[in-house]
Amino acid sequence: MKFHCILADHLCNLPKTGTGLVGKISNKINIPNVFSLLESHYPLKKYYFLKRLCKFSNQDDFFIIISIFEEPIELCSDIVHSDVGHGLDAYISSLSLKEVPITQPYTRKQFEAIKSLWPVKFHPNKYLESVISGENFETTYVSQITSFQKLIINISELLNKEVVLIFDPKSLVIVCCAVDLIEEMKLFHCCMVAVDLVAKIKGGGVYSYENEGKLFWHGKQGHIPSYLSPIKQTIEQQRNIDLSSHYLSTGYEVFCSKEPCVMCAMALSHSRISRLFFLKTSPSGAFSKMKLHCNPQLNHSFEVYKVDS
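To get our numbering, take the position in the sequence shown, counting from 1, and add 6.
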């Protein structure tokens, strides 16, 4: 199985480019004076990731960014004839326009795409790069995930329902397993049922079900449904592990047969899960198109993976 991490747009898209008004410095002794004047009168502010000074390999002169414009070069042709003032004319011999990145590179791919335009400050995030390359999971962990996904597929086909399994990676405990019960109530999506089951383990929970004990299972439930027989021995060995000290689903991982809707995604977000894996995309899914988990207005974020067999 392959795991495709659904990343925020600013990590996937190539950096945007704009126009830099660039001055040529023929005498490098003047560089400190130019820097001082530019910081006072033309600070780069949100373009802090750009290196102000550049020396191209095929030229002897130094070039320095005076100001940045988000419009393309063809719309900025008049700017090159402007007077920059503030005493800079004494040090800068000529002005020109240069295409420069105006959004920060976060990934190696983004950095490689723009580094030839103008030097930028880039510090690779090793974990992010491993997520992008698909190398962030150890072999034993991949085997664990694969076994859960196969189990979910079998249960879904057996019961003709969508399935979710919640797992605690720290204690290696299967917390609960649930299927959708929308024939009982429209809001009983499998993720909503699973979130409620986690609450039941901790002494809470608000739902009651007609098929309780038959179509789902949680850590404090004695009866194990027949569809969980492949992992019955594992569940029996985990019965004495106390999960009540966890706050909601903090740190838990969720395995779904189908991409959750917005309602379920928000319930999982409020439950503080750490990762979510799903097998099938959904037209009303919250992640593959909406990327709800990447919304900066939410106070909790988590990783989401589309699993391809």
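Beta carbons: idealized from backbone N, C-alpha and C, even for Gly.
Below 8 Å, enough C-beta pairs join the region 176 to 187 and the region 195 to 208 to call them touching: three or more. With respect to the 8 Å criterion, residue 11 and residue 309 are classified as neighbours on the basis of their beta carbons. Sixteen is the threshold: when 16 or more other Cβ atoms of the shown chains lie within 10 Å of the Cβ of residue 195, as they do, the residue is buried. Runs of alpha helix (DSSP H) with 4 or more residues, each lying fully within the region 35 to 84, are found at 37 to 47, listed in chain order. Put simply, the backbone Cα of residue 145 is about 33 Å away from that of residue 290.
Judged by DSSP in its simplified three-state form, residue 314 adopts strand.
In the displayed model, residue 114 falls within a helix according to three-state DSSP. By a beta-carbon distance limit of 8 Å, residue 106 contacts residue 56. Their separation comes to about 7 Å. Its Cα nearest to that of residue 15, the residue 295 stands out among 213, 295 and 41. Contact between residue 109 and residue 236 is absent: CB atoms are separated by about 48 Å, not below the 8 Å threshold. Membership of residue 182 in any alpha helix (DSSP H) is not indicated; the residue belongs instead to the beta strand (DSSP E) covering 179 to 185.
With contacts defined by Cβ atoms closer than 8 Å, residue 161 and residue 233 form a contacting pair. As the crow flies, the alpha-carbon of residue 96 is around 14 Å from that of residue 70.
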